[in-house]
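So the structure is just underneath, and the comments pick up after that.
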Amino acid sequence: MYVTESDNASLPPSDGEEKLVVPVEPDSAEALAKRYRLLVELSPDAICVHEGGLVVYVNPAGLRLARAQSIDQMVGHWITEFVHPDSIPGMLERLASLGEEDTATEPAEALMLLTDGTTKPAEIVSVRTEWQGRPAFQVIMRDISTKKAAEDALKYQAALVDHVSDAVIAISAEGVIQAWNPAAEKVYGTPATQALGRDLADVIGAAFVPREALALGGTIESVHRHRDGAIRNVRVSVTSMGAGYVLLCADLTAARRAIELFGTVVSELTEAVLVLNPSGFIEMANPASAALLGLDPSTVPGAHLGSLPVMFPNDDIRALVEHMRQTGDGFTGKLATRTDGVHRWFSVTCKAFDVDLDEPRAIASYTDITQQVVDAEQQRHRASHDSLTGLLNHDGLLQRLDAHLASDVEPHSQINVHFLDLDRFKIINDSLGHSYGDQVLRVVAGRLADAAGPHSSVGRIGGDEFSIVSPGDATGPASARMQAEQLLAAITESPIDTGISSVRMTASVGSVSTTEGEKRSGSDLLRDADIALYYAKQSGRARAAVFDVRLRREFQFRQQLEQDLRAAIAAPADGRLGNRYELIHDTATGRIVGMEATLCWHHPLHGEIEPNTFNTLADHIGLGADLGRLNLIRALHDLNDVFGYRAGELTLAMTLSPHQFCDDRLPHSVATALADCGVDPGDLRLDVTETTFAADEFSEGIRPLDQLRRLRDLGVKVAIDNFGAGYSSLVQLQQVDAIKIAPTFIRDVTTSHFADTVIQSIVAIARSADMTVIATGVETAPQLEAVAVAGCQQAQGPYLHSPESAAAAAARLH
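By our numbering, the letter at position 573 of the sequence shown is numbered 1146, and the numbering carries on one by one without gaps.
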């Protein structure tokens, strides 16, 4: 290679050539340098120069090889960025071997990393050189991906021949074996070392004339022999190759045996198996086909698939067969059933075979899935029906309701939805047992189904709750109310006799009626019917209520009130809940002998909420006991801190709601609060309303008299509040210390002889049992005088003192 002296420092030499420096004139040297650089730039080989590991030059072929869009993607980057990690150690080893300038490595293969993230094999030669007077390396790279692909293809073809299961044999025109793959050794038992160079007929044990086989289409079946003399059924395919032939010999021996075995297996299968021609006619059928499909064996071959008493409810079988005939595509898992009265279901699979022939066949199998279909249907039924009553369950009824609402058949038809709940069923269930309760539910379910009518859907939503969907009419709510009354009458018309005993049941029902054109979901209707049911129960038992928008607003207000009450109970320190006190007077002396604490709730938006309202609300959401404890603790603290408590001077009274009284933890809560506040139990009186003794909560096993005894055992006084309004008995009077006469009698005491007589009778009973009698709701001086004359020892009411804060009430004591 000839270069000028000026080029010696900056231009890379060619592969391993000795560099001869020839002095030239400056103009001539510059021309040579340009010519050499042009040669490098136009070289088809990729050339780059890297100095200290950084690429400082790359020619256009190098950019193309690396798939770089610009020279900046390579120049200034580390050379290792363009070499696969597996090839870097070899590259570094080769570069380290270049000790002197102008020495070059032997050509080596390496895997390049291209700028797009892909790889490419290349042949690499590295030359130690200089770049601008500093040591550098010139790398010449040649893309060998095409060469590698060709080599791989040859290797693949060779491996393919070596690994195919068929014998591949190459013979000369004279029949001498020239190639013998491993499969040939396996088929014939002769190793290649003993087969090569021998006559084909000697090795395979049969004469073979390639020209005759080619004349017959190139494929024939023949009988050859193994080295040990065993017969081999072979299919031979022959192809001319140069001056000789290549034979592909497929051993059919095992296949023939498999076909015989397959015939035996198919005849023993419990599935029906049919072989069909392209037109759908049955050519073969196994014995199971007669029993499963009703196929007459005498009609095979010749019967058409369409003549079987079998139908595909979800598919057109003729269309499926035609599609398979045209495309070769079979089908799997199609559902079929008998049409001749035999209850049987099948899963049908059909596959085409011999699709390369002009007349391809198909094999169809019919698997009996009758039991699976029955099981699936039963499972679907169980998922949508109540196991106890056989009615729809919540999900099933909701699906039925949504389907009706979405139906295009009667888009404008109106419906009524009823939500029904049995009254006091919990007491029956707990007192008589769940088995008895289940029988009651079955009877109720039957009565509701009969009363609802044939076009209605009846469901048991859960527990003792039922829902009924019935056709409505133009009267809307009026028809809903009429249907609701009929449902209630069906339950109450006669006692329910379960065989053990009989019980008369009542129920409450909430109803909602759709209006024409409105868009509502089944969940919306059930929710509104449930809201109406709530208000029906609020009105008493055995009641019906029909939903309107006003009820929804009231219910939403109540729900918000529930949330606000929960928040107020959870954060008592914020002052939203506080006690007010009504002073109790001695009727003989006028002295204040106690105070009754009433919890008040100041709502940030709605102001003062009536105690009856939020106490009932608290009981409904299960927070009645928490509210009672809060009231008790606050009252005891006020007794100490505000009223200046001294034992035996004043009695603190507070009324318990039914939920509070029925709470099994009540005695422990009272004892703990008294101990924490240092108040003598005899200075606390707990008032229990008469209605408490009819509360459902006693079905939990807490008897009212037992709870009264537990409280009195603490030393706490107990009074019956609102006495005379309903449920008290003489047995209950034995367990109390005081009687609070209902305000209705006090209000009429000056005008009604009956009221005066009742009060005197109560006083007489109380005196005989050493009980205190308290007149409540005293509004006038004559009333106060009358109750004092009648013998009431204590009195309270608006005339004497209205409820006020602890500080204001305490100020009246002095």
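In this text, a Cβ means the ideal position worked out from N, Cα and C, and glycines have one as well. Just so we're clear, the structure is a prediction, and the values are computed from it rather than from any experiment.
Excluding its 5 nearest sequence neighbours in each direction, Arg-808 has C-beta neighbours in its own chain below 6 Å: Glu-794, Ala-823 and Leu-825, listed in chain order. Secondary structure of Asn-989 (DSSP, three-state): strand.
Counting of Cβ neighbours within 10 angstroms places Leu-1229 among the buried residues, the total reaching 16 or more. Considering only Ala-709, Pro-708, Cys-1365 and Ala-683, the residue with the shortest C-alpha distance to Arg-715 is Ala-683. Membership of Tyr-1108 in the alpha helix (DSSP H) is indicated by the continuous run 1095-1111.
Within its own chain, the residues whose Cβ lies closer than 6 Å to the Cβ of His-967, once the five positions on either side in sequence are excluded, are Ile-1034, listed in chain order. Under the Cβ criterion (8 Å, minimum of three pairs), the segment 999-1014 does not count as touching the segment 1044-1058. Assignment of beta strand (DSSP E) within the segment 888-972, counting only whole runs of 3 or more residues, yields 904-911, 918-926 and 934-941 in chain order. Annotation for Leu-671: no alpha helix (DSSP H) segment contains it, and DSSP assigns it neither H nor E. Between the alpha carbons of Thr-653 and Gly-635 lies a distance of about 15 Å. Taking each of Thr-940, Arg-898, Leu-1099 and Val-915 in turn and checking the Cα distance to Leu-908, the smallest one comes out for Thr-940. Within the same chain, Ile-742, Ala-765, Ala-768 and Leu-769 come within 7 Å of Trp-753 by CB-CB distance, once the 5 residues on both sides are set aside. Between Asp-689 and Tyr-761, the alpha-carbon positions lie close to 52 Å from each other. Relative to the Cα of Leu-1373, the nearest Cα in the group Glu-1155, Val-1322 and Asp-1236 belongs to Glu-1155. DSSP places Thr-1189 in the uninterrupted alpha helix (DSSP H) bounded by 1184-1193.
Checking the DSSP bridge columns, you'll see Gln-1367 partnered with Asp-1159 and Ile-1347. If you ignore the 5 residues before and after Glu-1135, its C-beta comes within less than 7 Å of the C-beta of Leu-1190 and Ile-1194, all in its own chain and listed in chain order. Segment contact: the segment 1258-1265 against the segment 1220-1238, three or more CB-CB distances shorter than 8 Å; contact assigned.
Looking at Lys-1092, Ile-1073, Asp-996 and Ser-1043, the one whose alpha-carbon comes closest to that of Gly-1036 is Asp-996.
A distance below 8 Å between beta-carbons, with the five flanking residues on each side excluded, links Leu-971 to the following residues of its chain, in chain order: Gly-1095, Ser-1096 and Leu-1099. With respect to Glu-747, Ile-717 sits apart: the two C-beta atoms are not nearer than 8 Å. The beta carbon of Leu-1223 sits closer than 6 Å to those of Gly-1167, all from its chain and outside the five residues before and after it, given in chain order.
For Leu-974, same chain residues with a beta-carbon under 6 Å away, outside a window of 5 residues either side, are Val-1042 and Gly-1095 in chain order.
Beta bridge pairing from DSSP links Gly-817 with Met-814. Per DSSP, the continuous beta strand (DSSP E) segment holding Ser-795 begins and ends at 792-798.
Shown here, Gln-1307 sits in coil according to DSSP, grouped into three states, outside any helix or strand.
The beta-bridge partner set that DSSP reports for Cys-1173 consists of Gly-1151. Val-1017 and Gln-1059 have their C-alpha atoms some 13 Å from each other. Remark: C-beta atoms of Ala-1246 and Ile-1293 do not approach each other more closely than 8 Å. Asp-927 has its alpha-carbon roughly 11 Å from the corresponding atom of Arg-898. Taking C-beta separations shorter than 8 Å and ignoring five residues to either side along the sequence, the partners of Ser-1375 in its chain run Glu-1155, following chain order. Taking C-beta atoms as the reference points, Phe-1296 and Lys-1313 count as a pair closer than 8 Å. Contact between Ala-1379 and Asp-1237 is ruled out by a C-beta separation of about 30 Å, above the 8 Å threshold. Put simply, the backbone Cα of Lys-1110 is about 12 Å away from that of Phe-992.
Cβ contact annotation for Glu-1377 (same chain, cutoff 7 Å, sequence separation greater than five): Arg-1153 and Tyr-1154, in chain order.
For the options Ala-976, Trp-918 and Glu-932, the alpha carbon positioned closest to that of Asp-948 is the one of Trp-918.
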